[in-house]
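Numbering (the working numbering), first residue to last: 101 to 272.
In this text, a Cβ means the ideal position worked out from N, Cα and C, and glycines have one as well.
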């Protein structure tokens with residue numbers, strides 16, 4: 101269905117721009133996609149990732165976005181346990197729920213599915229840095245940058261934070 105394909109493209113555009121407007125457009129398109137084909141796990145997983153990110157950043161405030169994201173990620177896993185995005189969205193929800201160990205284990209499994217997916221590797225690396233696992237996190241960010249030289253601006257967050265914490269403000 102073209103609407104489902106469009107929703108996936110809108111999600112990918114949002115990931116590369118991290119624009120609140122693009123995020124809202126992607127969210128609405130993915131919500132339609134989930135309704136159009138409730139047995140297709142990928143839109144569930146992508147919507148879970150987007151809602152989790154919006155929860156993390158405080159976009160379009162909703163009280164239950166993390167719960168919705170976790171439910172969508174669980175559904176995505178039920179529909180396709182081998183889906184990298186289903187595994188990633190579930191891991192991301194665990195991160196936001198404060199379970200760093202579970203997040204790390206689940207995210208590693210997601211990366212093992214496709215180690216060449218730079219978006220998931222960037223996300224994992226940045227979140228590892230937030231958990232103060234700087235060496236491993238920055239190694240993932242660097243590898244993702246090697247894989248995708250035209251990476252979105254948000255992917256530089258981990259290095260900016262590292263330089264700032266090291267009081268190397270010029271590099272930050």
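- Cβ-Cβ distances below 7 Å link residue 234 to 262 in the same chain, with the five nearest sequence neighbours on each side left out; the list follows chain order.
- Residue ranges of uninterrupted alpha helix (DSSP H) with 4 or more members, entirely inside the stretch 161 to 237 and ordered along the chain, are 165 to 179, 184 to 196, 200 to 213 and 218 to 230.
- Residue 198 is classed as exposed because its beta carbon has fewer than 16 other beta carbons within 10 Å across all chains shown.
- Runs of the alpha helix (DSSP H) lying entirely within the stretch 111 to 164 and spanning at least 4 residues, in chain order: 120 to 136 and 141 to 157.
- When DSSP states are grouped into helix, strand and coil, residue 246 belongs to the helix group.
- Around the Cβ of residue 120, a 10 Å sphere holds fewer than 16 other Cβ atoms; the residue is exposed.
- Here DSSP, grouped into helix, strand and coil, assigns residue 267 to coil.
- By the C-beta density criterion, residue 205 is exposed, having fewer than 16 other C-beta atoms within 10 angstroms.
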